[in-house]
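Residue numbers (my numbering): 388 to 772. Before any comments, here is the structure.
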Ligand SMILES: Cc1cc2nc3c(=O)[nH]c(=O)nc-3n(C[C@H](O)[C@H](O)[C@H](O)COP(=O)(O)OP(=O)(O)OC[C@H]3O[C@@H](n4cnc5c(N)ncnc54)[C@H](O)[C@@H]3O)c2cc1C
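Now the structure itself:
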């Protein structure tokens with residue numbers, strides 16, 4: 388084995404989790420570590436955008452593409468231009484994130500980047516071996532975000548799948564400071580469906596058609612939803628589609644990385660269940676995970692970050708409502724937003740709420756739907772099909 392292929396740390400996957408970790412490793416305190424990042428793709432496309440809410444500065448403030456201080460929510464009633472103070476809804480474009488971190492990495496002599504399809508990641512005794520078609524690399528520790536398989540057969544698994552159009556129009560209709568967080572006025576078609584709108588200027592916005600369901604839809608389904616929304620809710624017959632975004636996020640409380648017993652191959656990101664099961668948001672959680680891993684590396688005590696908390700009960704309950712009661716989800720989100728302040732809901736979804744706030748939120752929701760789901764998945768453990 389060439390000594391060049393032996394590393395202290397290898398990061399498999401240069402997506403959000405891998406690069407968030409690599410970004411923190413670009414520091415003098417880790418300059419004695421030989422580090423390698425591997426991905427099968429050169430991260431040169433804007434393959435996704437990350438939206439999230441935050442009440443403080445983040446590490447990526449300088450690459451935030453757009454910020455909103457207000458939201459609209461359309462459900463059983465229309466809640467327009469609600470302040471979300473102290474939160475702000477923000478968006479980062481994937482391409483800006485990738486370029487920002489890869490540029491930092493290129494200035495580090497101790498960090499290499501390689502491209503290739505990783506076929507095997509395994510631990511043998513005290514070393515990890517990573518094989519691509521062309522090379523075998525060896526490392527003392529590996530962080531991997533490569534998901535091979537999703538637990539799709541599990542009852543508590545649903546895809547959040549979507550397609551977005553960035554449209555440009557020839558009139559000024561958008562409120563630049565107000566994001567439409569969820570618009571449930573569209574037909575639900577026995578699923579949970581909504582549109583969100585992120586305006587960048589008065590005449591340009593990202594409009595995204597989102598569905599929660601067991602099966603990912605064909606392009607035609609989203610296109611119809613988007614066309615219909617532009618026509619009937621934005622009253623537009625003419626618009627240019629300047630960019631498209633398509634994707635699917637797994638929402639589940641079943642562990643995604645079930646099989647590994649390795650103590651040197653550490654899962655991160657989606658593979659480490661970092662996606663919030665009931666909302667599909669992960670960006671901020673991935674940042675928190677990366678900070679915790681860096682603390683562990685400083686203390687030479689790296690292990691899988693486990694997230695055991697009371698929020699798993701709420702996530703299971705909400706997921707069961709989304710899966711078993713489908714169209715009821717529209718009603719539940721509507722009541723949640725009508726009877727609570729948006730910042731309290733964000734606090735709850737960020738898992739930063741107090742028990743009092745949680746009881747406050749659950750108190751406002753349809754009691755029987757919730758009790759039924761709560762007992763089913765948390766007390767009787769009926770999480771299989
Ligand atoms: C389109 C889209 C939009 C999203 N929007 C939001 C949002 O607005 N807000 C939010 O909080 N969350 C969002 N998410 C959820 C979550 O934040 C992202 O999925 C996030 O990118 C997860 O980070 P990750 O590192 O786990 O996975 P990824 O970012 O997907 O990174 C995994 C990396 O592994 C590489 N890889 C995979 N297989 C191999 C292989 N065999 N060999 C080598 N490399 C491989 C991939 O090329 C990729 O670069 C979104 C997800 C998607 C898909």
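Every residue gets a Cβ at the ideal spot worked out from N, C-alpha and C, and that includes glycine. Computed from a prediction, not measured in an experiment: that's the story for all the values here.
Unbroken alpha helix (DSSP H) runs of no fewer than 4 residues, entirely contained in the stretch 736 to 772, are found at 742 to 751 and 754 to 761, following chain order.
Distance from the C-beta of residue 636 to the nearest heavy atom of ligand 1 is below 6 angstroms.
Beyond the five residues adjoining it in sequence on each side, residue 632 comes within less than 6 angstroms, by CB distance, of 551 in the same chain, given in chain order.
In the structure shown, the three-state DSSP call for residue 662 is coil. Straight-line spacing of the CA atoms in residue 518 and residue 629 works out to 39 angstroms. For residue 760, same chain residues with a beta-carbon under 6 angstroms away, outside a window of 5 residues either side, are 704, 707 and 708 in chain order. Counted as a single uninterrupted DSSP element, the beta strand (DSSP E) harbouring residue 395 occupies residues 393 to 399. Judged by DSSP in its simplified three-state form, residue 622 adopts coil rather than helix or strand. Secondary structure note for residue 570: it is in no alpha helix (DSSP H), and the uninterrupted beta strand (DSSP E) holding it is 565 to 570.
By DSSP's assignment, residue 586 forms a beta bridge with 592. When DSSP reads this structure, residue 445 sits in no beta bridge, so it has no partner. In the displayed model, residue 519 falls within a strand according to three-state DSSP.
Under the three-state reduction of DSSP, residue 561 is assigned to coil, being neither helix nor strand. Only residues of its own chain outside the window of five on either side were considered, and among them 468, 469, 470, 471, 562, 564, 565 and 566 have a CB closer than 8 angstroms to the CB of residue 457, listed in chain order. Taking a C-beta distance under 7 angstroms as the contact criterion, residue 651 and residue 533 do not qualify as a contact pair.
Burial of residue 484 is indicated by the presence of at least 16 other C-beta atoms within 10 angstroms of its C-beta.
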